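Take a look at the structure set out below.
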Amino acid sequence: MKTDMLIMMLAKGPRAPSRAAVRRRLGTGVMFGVAAALLLLVFAVPGGIPVQALAARLAMPVFWAKLALPVSMTAAGVALLSRLSQPGVPTERAWKLLCVPIVLVWLVALAVLAGAPASTREALILGHTWRACLTHIVHLSIPGFAALLIAMRGLAPTRPALAGAVTGVLAGAIGALAYCLRCPEMEPPFWATWYLVGMSVPAVIGAWVGPRAMRW
Numbered sequence: 351m352k353t354d355m356l357i358m359m360l361a362k363g364p365r366a367p368s369r370a371a372v373r374r375r376l377g378t379g380v381m382f383g384v385a386a387a388l389l390l391l392v393f394a395v396p397g398g399i400p401v402q403a404l405a406a407r408l409a410m411p412v413f414w415a416k417l418a419l420p421v422s423m424t425a426a427g428v429a430l431l432s433r434l435s436q437p438g439v440p441t442e443r444a445w446k447l448l449c450v451p452i453v454l455v456w457l458v459a460l461a462v463l464a465g466a467p468a469s470t471r472e473a474l475i476l477g478h479t480w481r482a483c484l485t486h487i488v489h490l491s492i493p494g495f496a497a498l499l500i501a502m503r504g505l506a507p508t509r510p511a512l513a514g515a516v517t518g519v520l521a522g523a524i525g526a527l528a529y530c531l532r533c534p535e536m537e538p539p540f541w542a543t544w545y546l547v548g549m550s551v552p553a554v555i556g557a558w559v560g561p562r563a564m565r566w
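Residue numbers for the sequence shown follow the working numbering, so the first one is 351 and each next one is one higher.
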């Protein structure tokens, strides 16, 4: 092959997406995921959003602490996924951002469990709605998961299994964010457990789907 032909092929080959393209595609996916999760919560989940109960919870500091978990996980997930969508971009800092809310919420949960009587610890973790919590978070994450997978297909992830897992975490965080508006459980051990388990289910699915959905 001639040198000029090789240069032309390389010049016309695939290029890493620009930061603007990454922001646009992931931002669209996140906004769609949030909007769709809220619509599903209102129209597809029995009972929708309990307005009176939610109004009362807004006055509780623990509600805002609970809400901070999926909000921070969403922000950190976007930061990490944007780096995984571009070849050669370092991800160490973004991984730390993703781990910080998990560590903090479990430190609080362990402190609550340590200070509670042994007979009540199981109830603090399971609450009254753990099955519904897990089910709803997974269901509410589905639209965001699909939208973010489509967004990532148009970018350039070089580690598709890892990118798929983070896509699932981000979608799960969006689902948990929407579910916070309905969730009656206020004990940190409950949401430290089941919100994170709910996020891990789409993460596992994403790790399996990623190499297939994000193939170049």
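Glycine included, C-beta positions come from ideal geometry on N, C-alpha and C. In this text the structure is predicted, and so the values were computed from the model without any measurement.
Contact set for residue i: own chain, Cβ-Cβ below 6 Å, skip 5 residues either direction
i, result
"Val-551", "Val-488"
"Leu-390", "Leu-490"
"Pro-411", "none"
"Pro-561", "Pro-510, Ala-511"
"Pro-538", "Val-458, Ala-459, Val-462"
"Gly-477", "Glu-535, Phe-540"
Beta-carbon gap between residue i and residue j smaller than 9 Å
i, j, result
"Ser-432", "Arg-509", "no"
"Trp-456", "Ala-513", "no"
"Ile-555", "Phe-495", "yes"
"Phe-413", "Met-549", "no"
"Leu-404", "Leu-531", "yes"
"Val-392", "Ser-422", "no"
"His-486", "Val-395", "yes"
DSSP state of residue i mapped onto helix, strand, coil
i, result
"Arg-532", "coil"
"Pro-400", "coil"
"His-478", "coil"
"Ser-368", "coil"
"Met-410", "coil"
"Val-439", "coil"
"Ser-550", "helix"
"Val-559", "helix"
"Thr-470", "helix"
"Val-450", "helix"
"Val-384", "helix"
"Thr-424", "helix"
"Met-583", "What is shown of the chain runs 351 to 566, which leaves residue 583 out entirely."
"Leu-373", "Checking the sequence, you will find Arg at residue 373 rather than Leu. Three-state DSSP puts Arg-373 in a helix."
Neighbourhood of residue i by C-beta, 8 Å cutoff - its chain only, sequence neighbours within 5 removed
i, result
"Leu-498", "Leu-376, Gly-379, Val-380, Gly-383, Leu-431, Thr-517, Leu-520, Ala-521"
"Ile-524", "Val-380, Gly-383, Val-384, Ala-387, Pro-420, Thr-424, Leu-490, Ser-491, Gly-494"
"Cys-533", "Lys-416, Thr-479, Cys-483, Trp-541"
"Pro-440", "Arg-433"
"Ala-563", "Leu-499, Met-502, Arg-503, Pro-510, Gly-514"
Residues of its chain near residue i, where Cβ-Cβ distance is below 7 Å and the 5 sequence neighbours each way are ignored
i, result
"Gly-427", "Leu-448, Val-516, Val-519, Leu-520, Ala-523"
"Gly-504", "Arg-375"
"Ala-429", "Ala-444, Leu-447"
contact_flag[the region 391-410, the region 458-478] where n(CB pairs < 8 Å) is 3 or more: no
Any 3 or more C-beta pairs closer than 8 Å across the region 439-446 and the region 555-565: no
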